[in-house]
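Numbering (the numbering used here), first residue to last: 1 to 627.
In this text, a Cβ means the ideal position worked out from N, Cα and C, and glycines have one as well.
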Amino acid sequence: MSAGSKSEVPKAAAGAKRTEAAFHEEQDLGRAYDVALLRRLWPFVRPHSRHLVASLALLVLLAATQLVRPLLMGRVVAHAGAGEGSLLLRDGLVLAAFVVGGQTVSFLQTYIMQIGGARAMADLRAAVFGFFQRLSLRYFDRTPVGRLVTRATGDIDALGELFASGVLNAIGDLFALIGIVVVMLALHARLSLVAFAALPVVALVVNYVRKRSREAFRDIRTKTARLNAFLNEQVAGVAVVQAYAREAHMQHEFDVINDAYRDANKRSIFYEAMLDAAIEMVSTVCVASMLWWAGVGRTGDPTITFALVVTLTQYVRQFFEPVSLLAQRYTILQSAMSGAERIFQLLDEEDVEAEGEASREPVPAELEGSPALELEGVTFAYKPSVPVLSDVSLTVARGEKVALVGATGAGKSTVAGLFLRLYEVEVGAVRVLGRDVRAQDRVTMRERFSVVPQDVFLFTGTVLSNVAISDEAPDRARVERALRQIGALELFERREGGLDARVDERGANFSAGERQLIAFARALYRDTPIVVLDEATASIDSNTEKRMQTALEVVMQGRTSLVIAHRLSTIRAVDRIIVFHKGRVVETGSHDSLIAKGGVYARLHRLQFARERAAHVGGEVAPVSAE
Numbered sequence: 001m002s003a004g005s006k007s008e009v010p011k012a013a014a015g016a017k018r019t020e021a022a023f024h025e026e027q028d029l030g031r032a033y034d035v036a037l038l039r040r041l042w043p044f045v046r047p048h049s050r051h052l053v054a055s056l057a058l059l060v061l062l063a064a065t066q067l068v069r070p071l072l073m074g075r076v077v078a079h080a081g082a083g084e085g086s087l088l089l090r091d092g093l094v095l096a097a098f099v100v101g102g103q104t105v106s107f108l109q110t111y112i113m114q115i116g117g118a119r120a121m122a123d124l125r126a127a128v129f130g131f132f133q134r135l136s137l138r139y140f141d142r143t144p145v146g147r148l149v150t151r152a153t154g155d156i157d158a159l160g161e162l163f164a165s166g167v168l169n170a171i172g173d174l175f176a177l178i179g180i181v182v183v184m185l186a187l188h189a190r191l192s193l194v195a196f197a198a199l200p201v202v203a204l205v206v207n208y209v210r211k212r213s214r215e216a217f218r219d220i221r222t223k224t225a226r227l228n229a230f231l232n233e234q235v236a237g238v239a240v241v242q243a244y245a246r247e248a249h250m251q252h253e254f255d256v257i258n259d260a261y262r263d264a265n266k267r268s269i270f271y272e273a274m275l276d277a278a279i280e281m282v283s284t285v286c287v288a289s290m291l292w293w294a295g296v297g298r299t300g301d302p303t304i305t306f307a308l309v310v311t312l313t314q315y316v317r318q319f320f321e322p323v324s325l326l327a328q329r330y331t332i333l334q335s336a337m338s339g340a341e342r343i344f345q346l347l348d349e350e351d352v353e354a355e356g357e358a359s360r361e362p363v364p365a366e367l368e369g370s371p372a373l374e375l376e377g378v379t380f381a382y383k384p385s386v387p388v389l390s391d392v393s394l395t396v397a398r399g400e401k402v403a404l405v406g407a408t409g410a411g412k413s414t415v416a417g418l419f420l421r422l423y424e425v426e427v428g429a430v431r432v433l434g435r436d437v438r439a440q441d442r443v444t445m446r447e448r449f450s451v452v453p454q455d456v457f458l459f460t461g462t463v464l465s466n467v468a469i470s471d472e473a474p475d476r477a478r479v480e481r482a483l484r485q486i487g488a489l490e491l492f493e494r495r496e497g498g499l500d501a502r503v504d505e506r507g508a509n510f511s512a513g514e515r516q517l518i519a520f521a522r523a524l525y526r527d528t529p530i531v532v533l534d535e536a537t538a539s540i541d542s543n544t545e546k547r548m549q550t551a552l553e554v555v556m557q558g559r560t561s562l563v564i565a566h567r568l569s570t571i572r573a574v575d576r577i578i579v580f581h582k583g584r585v586v587e588t589g590s591h592d593s594l595i596a597k598g599g600v601y602a603r604l605h606r607l608q609f610a611r612e613r614a615a616h617v618g619g620e621v622a623p624v625s626a627e
């Protein structure tokens, strides 16, 4: 290894530690059997319980057919030894029928069990996704998206292994093991006890491998989460990695994480192979011991026949088949219970959007003259003891166009989030159309808003479906009218497919300006009385600013408008400007009055235009600040 490589390894290890810290919760596998979790899972399984009942019934039938087969084999051997051709043919055909029947029952049992399990897990996944829709934005702010995706995919898949991998077949295996012991003892107790003399060794081996497999499986799960986290981050940030020529460094980080994942799998494979070899060795010793005893005792015990030995040998082999799967099924069961625990911990999360009064009645007459938007004495913090807004009060009259201005982090976007009730306030009141937002139905209230964000999110689909995102049945004529109003219809019709042009994930095949125009068109298509433009033109280059300004004016026309922008040139047409500084309202007034006042707004305005002039001539200026 080169010196350069050696120097990179500690850095790669540090990267692995970062991902380990982010996924520490994946390490705890919990108990392998938890009645409380199974009780909570039951409501999802109950609608498909007929599959479960049918599958369990078939398991019992399958165990019965497996018990009969060695007896038939022994009869076939006995008839062959005695030269009884007709009886040999009869029992041979019966044995063949049992084999075919047993395989048919096995197929039906597996199919029915997995169909029922797949449907139950689909219901559970739908419940988890539905719960995602009700979680508050505050919860998403503090929870990694990857972890939530794992709950709806990996954890549910782990729980589904209860059905898919045949873990529940352990019930049938239990019936089979008990039946084998009873039948063997009934056929010949002494030979059976000789065959079972090595069972304590099997118990010790299985227990040892079970513990080690548990540790290995837990390690695999942790390393898998770590690897997935690293890959997700690197794929998302590949442009930055390439721009800073960090490919070699990231390759070293990946190699460390990948090697750890490989080693974890090697340990798991080792213990699985050990168990298989140990079970095979012990079962062979059991058969050999029984054969030796039968050979020694046969002269003195006429009940020991060749057919009996063949029958008991078949039973011994059959006995050890489910035993060899015991450790694997235990680990899967343990993983399933761990996944269930994390899923139900999520479903127990209390940070959900509270429901207000579910009413779609028109605004009462006594409230018609109230402000469209109002904050009264609002103090808000995303994290305790770090307030973003402090005792903020403001009003926006119906039809008024108001701009919120301030340095980054001053609390402007938070105000918009509070009006949309994306966050709940604990101090003060937030009112929309004269009513406290906590007393309104969330869906009904939000139907009065259109939002044009800075970071426009486009969904996979078409231009048509993205403009009409608020409509389950898009109206093409309305979409065309909305795009025409902002002067963008021709722009999108020039694309291959026109309004039916494909939109890739997050709108990656559209420019920032095109995405912004779609956001403006969304607002016009929805045609609501209130529009929120959250830094709607901050990411648009100057060449397209004129088109954006036109769209901005069209969207605001005749509507109550709340504009949040750093590009101060875009808000001169508003009726009033409210200036924020460190979470407080410090100034309010028109553009001209605030410039004349020479306060925070005037300083922001001066610095921003200085930056634009410097950029135009290639100079530099300090970042905009309200300090």
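In or out: residue i buried (at least 16 other Cβ within 10 Å) or exposed?
i: G130; result: exposed
i: S324; result: buried
i: N466; result: buried
i: I178; result: exposed
i: L89; result: exposed
i: L191; result: buried
i: E25; result: In this predicted model, E25 has a pLDDT of only 46, less than 50, meaning its place in the structure is not dependable; the value taken from the coordinates is given anyway. Classification of E25: exposed, given that the 10 Å Cβ count is below 16.
i: I156; result: buried
i: G248; result: Residue identity check: residue 248 is Ala in the sequence provided, not Gly. With fewer than 16 other Cβ atoms within 10 Å, it is exposed.
i: E280; result: exposed
i: F107; result: exposed
i: D575; result: exposed
i: R75; result: buried
i: P47; result: exposed
Would you tell me roughly how many angstroms separate the C-alpha atoms of residue i and residue j, rounded to the nearest one?
i: I115; j: L59; result: 15 angstroms
i: E496; j: L552; result: 27 angstroms
i: V532; j: Q557; result: 13 angstroms
i: V405; j: L420; result: 19 angstroms
i: T303; j: G102; result: 30 angstroms
i: G589; j: A397; result: 14 angstroms
i: L333; j: Q251; result: 36 angstroms
i: D592; j: P387; result: 31 angstroms
i: A239; j: Y261; result: 26 angstroms
i: R147; j: V415; result: 28 angstroms
i: N509; j: V463; result: 11 angstroms
i: Q440; j: E424; result: 13 angstroms
i: D255; j: L227; result: 10 angstroms
i: A21; j: M337; result: In this prediction, A21 scores a pLDDT of 44, lower than 50, which makes its location untrustworthy; the coordinate-derived value is nonetheless stated afterwards. Straight-line Cα distance between these residues: approximately 23 angstroms.
So, are the CB atoms of residue i and residue j less than 8 angstroms apart?
i: V563; j: V586; result: no
i: A229; j: S289; result: no
i: F98; j: T150; result: no
i: G117; j: G160; result: yes
i: V77; j: V310; result: yes
i: L389; j: V402; result: no
i: V452; j: D527; result: no
i: S524; j: I571; result: One detail in the question is off: residue 524 reads as Leu in this sequence, not Ser. Their beta carbons are not under 8 angstroms apart, which means L524 does not touch I571 by this criterion.
i: F270; j: G411; result: no
i: L312; j: L231; result: no
Between the Cα of residue i and those of the options, spot the shortest distance and give me the residue it belongs to.
i: D436; options: D475, A410, L491, L375; result: L375
i: N207; options: A120, F459, L275; result: L275
i: L193; options: L148, S106, Y315; result: Y315
i: L162; options: V555, M121, R212, D475; result: M121
i: A519; options: I469, S283, D475; result: I469
i: H79; options: G92, R69, V68; result: G92
i: T222; options: R246, M184, N258; result: N258
i: W293; options: A189, P371, A96; result: A189
i: Q109; options: E505, T143, I171; result: I171
i: A512; options: A596, E472, V456, L137; result: V456
i: L308; options: V287, P322, R584, E321; result: V287
i: V100; options: L71, L62, G83; result: L62
i: V183; options: F217, F319, H605, A277; result: F319
i: R329; options: R214, L483, M113; result: R214
i: A573; options: L483, E400, V285; result: E400
i: F217; options: L168, E272, N232; result: E272
i: E253; options: Q234, R212, A340; result: Q234
Closest Cβ-Cβ distance between residue i and chain B: below 8 angstroms?
i: R142; result: The structure shown contains no chain B; it holds only a single protein chain.
Self-check item: Complete beta strand (DSSP E) runs within the region 369-428 (minimum length 3 residues, chain order)
Solution: If we require 3 residues or more, the beta strand (DSSP E) runs fully inside the region 369-428 come out as 373-383, 386-396, 401-405.
Practice problem: Only counting runs of 4 or more residues, tell me where the alpha helix (DSSP H) segments fall wholly within the region 565-607, in order along the chain. | Solution: With a minimum length of 4 residues, the continuous alpha helix (DSSP H) runs that stay inside the region 565-607 are 591-597.
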